[in-house]
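Each remark here refers to the structure printed beneath this line.
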Amino acid sequence: MLALAGKTALVTGAGRGIGRGIAERLAADGALVAVHYARNDAAARETVGAIRESGGRCFALRAELGVPGDVEELYGALDAGLAEQGAGRGLDIIVNNAAVSSSARIGSVEADTFDRIMAVNAKSPLLVIQEGLNRLRDGGRIVNVSSAVSRRALPETLVYAMSKAAVDTLTLTLAKELGARGITVNAVAPGFVATDMNARRRSTPQGEKALAALSVFNRIGRPADVADVVAFLVSDDARWITGQYVDVSGGSML
Ligand code: NAP
Numbered sequence: 304m305l306a307l308a309g310k311t312a313l314v315t316g317a318g319r320g321i322g323r324g325i326a327e328r329l330a331a332d333g334a335l336v337a338v339h340y341a342r343n344d345a346a347a348r349e350t351v352g353a354i355r356e357s358g359g360r361c362f363a364l365r366a367e368l369g370v371p372g373d374v375e376e377l378y379g380a381l382d383a384g385l386a387e388q389g390a391g392r393g394l395d396i397i398v399n400n401a402a403v404s405s406s407a408r409i410g411s412v413e414a415d416t417f418d419r420i421m422a423v424n425a426k427s428p429l430l431v432i433q434e435g436l437n438r439l440r441d442g443g444r445i446v447n448v449s450s451a452v453s454r455r456a457l458p459e460t461l462v463y464a465m466s467k468a469a470v471d472t473l474t475l476t477l478a479k480e481l482g483a484r485g486i487t488v489n490a491v492a493p494g495f496v497a498t499d500m501n502a503r504r505r506s507t508p509q510g511e512k513a514l515a516a517l518s519v520f521n522r523i524g525r526p527a528d529v530a531d532v533v534a535f536l537v538s539d540d541a542r543w544i545t546g547q548y549v550d551v552s553g554g555s556m557l
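Numbering (the numbering used here) for the sequence shown: 304 to 557.
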């Protein structure tokens, strides 16, 4: 029997990149996966097509996060998608993966950018969980995608790193509160992973080499490197792990 058979998972930002990798892996493990995205319909369609082709169950739902009414839109679309699949409103797994990056050192940080990054990366995971708790079954799993930069000093990612530090504290604090319901809350912290988020930095052979050299394995991460760890954390095997920050950076900047 597959590890996640009979489970329902919501993965935010699953149309592309790491989120797509997580959605594919959870579906391969037997979960019905809600593939959330914001704007890129084509990418989400492709992800849904790939999962279904491999025999997985999933559906796409669209909602821009970090704007007023976002959570209502997300859960409205989730409920509609679940009903179409003949599934109930209940959830077993929430993966907060959607985020935006920014690069600016202290001298050039703008207040509007700060507000936007915090709204998408820190506030929306909180609100997604808040509403999700009305649907998450006891014994459920929450995984928040943080970043290695919340525990390394990279001055050019100041605001992004601050937003991920908020995610780390959300994880730790909620793990305590939700333990009574048997719900685990953990964070995974990738280093550089080859996705659209850092395509510009990888666009030259020198850039690619420099990013690869940050890992002791001398390569850039792949979405599956992160997805495989998320799959473990949401499985029954990880029932005794909660409130943890799991570094999934290939030993970056050790
Ligand atoms: P990505 O390739 O840029 O994909 C981002 C995903 O999030 C897309 O599905 C996008 O939807 C969605 N998204 C972005 N802004 C959104 C918004 N305002 N509302 C709703 N959805 C939104 O990103 P990634 O590199 O896979 O990153 C995934 C996670 O890993 C993020 O939390 C990121 O901070 C973290 N991370 C990434 C790296 C890395 O090197 N890539 C390293 C450390 C941590 P659309 O497709 O519709 O645009």
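Yeah, the Cβ is synthetic: ideal placement off N, Cα and C, and Gly gets one too.
Remember, predicted model here, so these are calculated numbers, not experimental data.
If you measure between the beta carbons of residue i and residue j, is that distance less than 8 angstroms?
i           : j           : result
residue 432 : residue 466 : no
residue 553 : residue 524 : yes
residue 340 : residue 359 : no
residue 314 : residue 329 : yes
residue 470 : residue 546 : no
residue 459 : residue 506 : no
residue 387 : residue 354 : no
residue 522 : residue 515 : yes
residue 392 : residue 441 : no
residue 452 : residue 417 : no
residue 428 : residue 399 : yes
residue 492 : residue 446 : no
residue 364 : residue 334 : no
residue 549 : residue 537 : no
residue 376 : residue 366 : yes
residue 621 : residue 343 : Residue 621 lies beyond the stretch modelled for the chain, which goes from 304 to 557, so this question has no answer here.
residue 396 : residue 312 : yes
residue 401 : residue 322 : yes
Using DSSP bridges, identify the partner residues of residue i.
i           : result
residue 487 : 444
residue 428 : Answer by DSSP bridge pairing: none, since residue 428 is not bridged.
residue 504 : The partner list for residue 504 (beta bridge, DSSP) is empty, contrary to what the question assumes.
residue 550 : 492
residue 399 : 447
residue 439 : 394
residue 460 : 407
residue 360 : 335
residue 525 : Beta-bridge pairing links residue 525 to no other residue.
residue 365 : 340
Pull up the distance between the alpha-carbon of residue i and that of residue j, whole angstroms please.
i           : j           : result
residue 479 : residue 490 : 14 angstroms
residue 541 : residue 410 : 42 angstroms
residue 297 : residue 423 : Past the boundaries of the shown model lies residue 297; the chain is included only from 304 to 557, so the question cannot be answered.
residue 472 : residue 482 : 16 angstroms
residue 320 : residue 349 : 12 angstroms
residue 544 : residue 444 : 10 angstroms
residue 408 : residue 310 : 42 angstroms
residue 504 : residue 439 : 38 angstroms
residue 384 : residue 512 : 42 angstroms
residue 381 : residue 307 : 19 angstroms
residue 435 : residue 394 : 8 angstroms
residue 361 : residue 518 : 33 angstroms
residue 347 : residue 457 : 31 angstroms
residue 425 : residue 332 : 28 angstroms
residue 496 : residue 389 : 35 angstroms
residue 498 : residue 369 : 21 angstroms
residue 486 : residue 508 : 44 angstroms
residue 476 : residue 556 : 27 angstroms
residue 502 : residue 539 : 35 angstroms
residue 520 : residue 494 : 12 angstroms
residue 404 : residue 304 : 38 angstroms
residue 500 : residue 437 : 32 angstroms
residue 374 : residue 468 : 22 angstroms
* Every unbroken alpha helix (DSSP H) within the segment 305-352, with a cutoff of 4 residues, ordered by chain -> Residue ranges of uninterrupted alpha helix (DSSP H) with 4 or more members, entirely inside the segment 305-352 and ordered along the chain, are 320-331.
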